[in-house]
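Okay, so here's the structure we're looking at.
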Amino acid sequence: MVNGLTLRRSAEGDLPVVVQVSGEAALFSRPELKVERVSYPVMTPSAAVGVLESIFWKPEMRYQIVAIEVLKPVKQFSVRRNETSDVAPLAEAIKGVRRVDTAARRDQRNAVCLRDVAYRIHAHIEMAGHADKPVAAYRDQLRRRVRKGACFQQPYLGTREFSAEFGWPDDARRADVNEEIGIMLHSIHRDGTSAQPTMEWFAARVIAGVLYVPERGIELALPSKGQVA
Numbered sequence: 007m008v009n010g011l012t013l014r015r016s017a018e019g020d021l022p023v024v025v026q027v028s029g030e031a032a033l034f035s036r037p038e039l040k041v042e043r044v045s046y047p048v049m050t051p052s053a054a055v056g057v058l059e060s061i062f063w064k065p066e067m068r069y070q071i072v073a074i075e076v077l078k079p080v081k082q083f084s085v086r087r088n089e090t091s092d093v094a095p096l097a098e099a100i101k102g103v104r105r106v107d108t109a110a111r112r113d114q115r116n117a118v119c120l121r122d123v124a125y126r127i128h129a130h131i132e133m134a135g136h137a138d139k140p141v142a143a144y145r146d147q148l149r150r151r152v153r154k155g156a157c158f159q160q161p162y163l164g165t166r167e168f169s170a171e172f173g174w175p176d177d178a179r180r181a182d183v184n185e186e187i188g189i190m191l192h193s194i195h196r197d198g199t200s201a202q203p204t205m206e207w208f209a210a211r212v213i214a215g216v217l218y219v220p221e222r223g224i225e226l227a228l229p230s231k232g233q234v235a
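Residue numbers 7 to 235, in the numbering used here, belong to the letters of the sequence shown in order.
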């Protein structure tokens, strides 16, 4: 049990590592809304992985998010942001095969963001077959970097203009949030044999201030060019 939560253990029987993050604003964009950016009401697993990888990452490891605690009430605000209308299809963006012309195709768009956010991220570290150290060594390295405030690059909350502060978890109480959020990205997998990555999704739900993330999502292959999504 961690912070009063019963969370799934790793394959080795270990509890997840915990990192607390906060920021003045966040934008965890819902993929189904195209014209304007509208944030999910809570941090997404993919955004949580991005924060953790900014703090500590090695090629032989990956993070699996177990749960995200919401520590502050959900507050929204709107802002106009400079964005590009030249947007690569998701499959091409993931593979990095097309250049986006930002300067020539710049637009102002409205975004619905989150204000004054804080979360506790619970995650397991999974090792690839070529790892030469036990998983405990990687957990210890992550914890040392969190205590020191060290990171490879500045973590951010959904978009780079909203930077994140991170640190050792405290005893802050969870916010009273209960909400059916809808479909949310779980993870993206590249097996090296297919040109198309596979995406996993899950039905996101916040219960008593906690977003529980299943071990696996529903696998969906990205549509190729010319197919209807």
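For glycine and all other residues, C-beta sits at the position ideal for the given N, C-alpha and C.
Who are the Cβ neighbours of S28 in its own chain at under 6 angstroms, not counting the five residues just before and after it? Taking the sequence shown and counting its residues from 1, the one referred to as residue 28 is at position 22. Answer for S28: A124 and E171, listed in chain order.
Measuring straight from C-alpha to C-alpha, what distance separates P22 and E38? As a working mapping, residue 22 is identified with position 16 in the sequence shown. As a working mapping, residue 38 is identified with position 32 in the sequence shown. Distance between the alpha carbons of P22 and E38: 31 angstroms.
What distance in whole Å lies between the Cβ atoms of V57 and I131, which are believed to be in contact at a cut-off of 8 angstroms? Here residue 131 corresponds to residue number 125 of the sequence shown, with the count starting at 1. Here residue 57 corresponds to residue number 51 of the sequence shown, with the count starting at 1. That pair is no contact at about 14 angstroms.
Rounded C-beta distance between L217 and I74? I'm assuming under 8 angstroms. Within the sequence shown, numbered from 1, the residue matching residue 217 stands at position 211. Within the sequence shown, numbered from 1, the residue matching residue 74 stands at position 68. Correct: roughly 4 angstroms between the Cβ atoms.
Apart from the five residues on each side of it in sequence, which residues of its chain come closer than 7 angstroms, Cβ to Cβ, to E225? Looking up residue 225 in the sequence shown gives position 219. The answer, listed in chain order, is T204 and E206.
For Q26: DSSP bridge partner residues: Translated into the one-based positions of the sequence shown, residue 26 becomes position 20. For Q26, DSSP records a beta bridge to R126 and G173.
If we require 3 or more residues per run, which beta strand (DSSP E) segments fall completely within the region 183-216? 185-195 and 204-213
How big is the Cα-Cα spacing for M67 and G223? Within the sequence shown, numbered from 1, the residue matching residue 67 stands at position 61. Within the sequence shown, numbered from 1, the residue matching residue 223 stands at position 217. Their Cα atoms are separated by approximately 20 angstroms.
Taking all protein chains shown into account, decide if T12 is buried (16 or more other Cβ within 10 angstroms of its Cβ) or exposed. Working through the sequence shown from its first residue, we reach residue 12 at position 6. Exposed, by the Cβ-count rule.
Check whether the Cβ atoms of L191 and C119 sit closer than 8 angstroms, and answer yes or no. Against the sequence shown, residue 191 aligns to sequence position 185. Against the sequence shown, residue 119 aligns to sequence position 113. No; because the gap between Cβ atoms is not below 8 angstroms, this pair is not in contact.
With 16 other CB atoms within 10 Å as the buried threshold, where does A31 fall? Against the sequence shown, residue 31 aligns to sequence position 25. Buried, by the Cβ-count rule.
Can you tell me where the beta strand (DSSP E) with R68 in it begins and where it stops? Translated into positions along the sequence shown, residue 68 becomes position 62. It spans M67 to V76 - the beta strand (DSSP E) in which R68 sits, taken as one unbroken run.
Round the Cβ separation of P175 and Q26 to the nearest angstrom and send it over; I've been treating them as touching at under 8 angstroms. For the purposes of this step, residue 175 is identified with residue 169 of the sequence shown, where counting begins at 1. For the purposes of this step, residue 26 is identified with residue 20 of the sequence shown, where counting begins at 1. Here P175 really is in contact with Q26; their C-beta atoms are around 4 angstroms apart, less than 8 angstroms.
Under a three-way DSSP split, which group does L58 fall into? Counted from its first residue, the sequence shown places residue 58 at position 52. Note: L58 maps to helix in three-state DSSP.
Answer with buried or exposed for V51, where buried requires no fewer than 16 other C-beta atoms within 10 angstroms of its C-beta. As a working note, residue 51 is residue 45 in the sequence shown. According to the sequence provided, residue 51 is Pro. The question's Val does not apply to it. P51 comes out buried.
Give the DSSP bridge partners of C119, in chain order. Your numbering for residue 119 matches position 113 in the sequence shown. Residue pairing by DSSP puts C119 in a beta bridge opposite F83.
With distances taken between CB atoms, is the gap from R180 to V76 smaller than 8 angstroms? Counting from one through the sequence shown, the residue named residue 180 turns up at place 174. Counting from one through the sequence shown, the residue named residue 76 turns up at place 70. Cβ distance < 8 angstroms, so R180 and V76 count as in contact.
Tell me which residues share the same chain as E221 and place their Cβ nearer than 8 angstroms to its Cβ, disregarding the 5 neighbours each side in the sequence. If you number the sequence shown from 1, residue 221 lands on position 215. R14 and Q70, listed in sequence order.
Label V41 either buried or exposed according to how many other C-beta atoms from any shown protein chain fall within 10 Å of its C-beta, with 16 as the threshold for buried. By 1-based counting over the sequence shown, the position of residue 41 is 35. V41 comes out exposed.
Can you give me the start and stop residues for the alpha helix (DSSP H) that V41 sits inside? Translated into positions along the sequence shown, residue 41 becomes position 35. It is not in any alpha helix (DSSP H) - V41 carries neither H nor E in the DSSP assignment.
With distances taken Cα to Cα, identify the nearest neighbour of V219 among K81, I189, Y144 and Q202. Working through the sequence shown from its first residue, we reach residue 219 at position 213. The shortest Cα separation from V219 among K81, I189, Y144 and Q202 belongs to I189.
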